[in-house]
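Read left to right, the sequence shown gives residues -30 to -1, 1 to 325 (mature numbering (1 follows the signal peptide of the UniProt record, and there is no 0)).
The beta carbon of each residue, even a glycine, is placed where N, CA and C say it ideally should be.
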Amino acid sequence: MAGRNVRNTRIAARAVRAAAAAACATLVLAACGSTKDSVSSGGGGTGKVGVILPLLTSPFWQSYNDYVPKMAKSEGVDALKTVNSNSDPSQQITDINNQLNQGVKGLVVAPLDSAAIAAGLDQAERKGVPVVAVDVAPEKGKVAMVVRANNVAYGEKACEYLGKQIPSGKVVQIMGDLASVNGRDRSEAFRTCVQKNYPKLKVLEIPAKWESDTAASKLDTLLNANPDIKGIYMQAGGVYLAPTLQTLKSKGMLKKSGQAGHITIVSNDGIPQEFDAIRKGEIDATVSQPADAYAKYGMYYIKAAMQGKTFKTGPTDHDSEIVKLPSGILEDQLPAPLVTKDNVDDPKLWGNTVK
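In structure tokens, the structure reads:
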């Protein structure tokens, strides 16, 4: 009996070990399946990456386009040649689908329309391809990260600068496309800041959709009716600087800083042309939107997403902060300094490194 009991005990032990091994194997397979899913959704950190631009008619986006291959190389990303959506949100969705059909494992997209881009993001999600949004945050849809500066701060910085320079009078804000969260953030922030802090200023607004011709035409009409304008806030120097200066010049209203009748002008972008205009006294300030960092961290985050990495809110190691947007999407808000005649020659500003 004792021997039989021992033998039975040994058999039972072997059965337990076999069951445990089988359970372990099941867990391993399940884990492998999970890993496989995350790899298929991001290519395991390797594979081609598509980069889609909103437009190339702006010096800002031309600079970003030039930075993309350099930053892709430095970050170890195999980026395809950039695709230009030519200011057409519908074309941008087509461009996304074309890139997906080419088998890209990641996408870096600068959305033209915060709402319309959702169709392209849905296509990417269905194919398991991670997306990083640059410059503009989508209203909905899945992205691994938004790489962007704080656009509310853009409007507030412009407001504060103009408010300190102009005690009272009319100021114009030449707005971007209000279908873009950038246009809405800058416009509302500027408007609200003026109403709250500088009530003696009257804000006149030009919806210009990031279009230079529209900006020039509407500014011309507005100046005809309001020749006593004292300040201008341009939400995008890349598309609004040249037409604004040309319009003012044609009316004999382009006076340099310090001259009687000078119209104080603040811009956004930080392109070399703005810096030259600041040095000449034609405009007074701009907010330097980091084209170089947009390209760098667009590549950084798409590589991380393809590797299955995730991030949390809080300060980063590159002087920015990751925040959670109302939509639940994470956004890395990169620094964007105000540039005036006092710091326009700072060699650290990307606008001074472009050749």
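For residue 234, the uninterrupted beta strand (DSSP E) run begins and ends at 234 to 239, by DSSP. Beta-bridge partners of residue 54 (DSSP): 23.
In this structure, residue 302 lies away from residue 41, with their beta-carbon atoms at least 7 Å apart.
Contact annotation: residue 180 and residue 151 have beta-carbon atoms that are not nearer than 7 Å. At a Cβ-Cβ threshold of 7 Å, residue 160 and residue 185 do not count as neighbours.
Beta-bridge analysis with DSSP links residue 269 to no other residue.
Assigned with DSSP and collapsed to three states, residue 223 falls in coil, not helix or strand. Residue range 242 to 250 is occupied by the alpha helix (DSSP H) that includes residue 246. When DSSP assignments are scanned along the stretch 28 to 53, the uninterrupted stretches of alpha helix (DSSP H) that are 4 or more residues long and fall wholly within it turn out to be 29 to 45. Look at residue 258 here: in three-state DSSP terms it is strand. The beta carbon of residue 120 sits closer than 6 Å to those of 303, all from its chain and outside the five residues before and after it, given in chain order.
In this structure residue 324 touches residue 33 by the C-beta definition: roughly 6 Å separates them, less than 8 Å.
The three-state reading of DSSP puts residue 202 in strand, counting E and B together. Sixteen is the threshold: when 16 or more other Cβ atoms of the shown chains lie within 10 Å of the Cβ of residue 238, as they do, the residue is buried. Under the 8 Å Cβ criterion, the stretch 61 to 74 does not count as touching the stretch 286 to 297, having fewer than three qualifying pairs. Note on residue 182: 16 or more other CB atoms within 10 angstroms of its CB, so buried under the neighbour-count rule. Taking C-beta atoms as the reference points, residue 215 and residue 252 count as a pair closer than 7 Å. Secondary structure at residue 284: strand, using DSSP grouped into helix, strand and coil.
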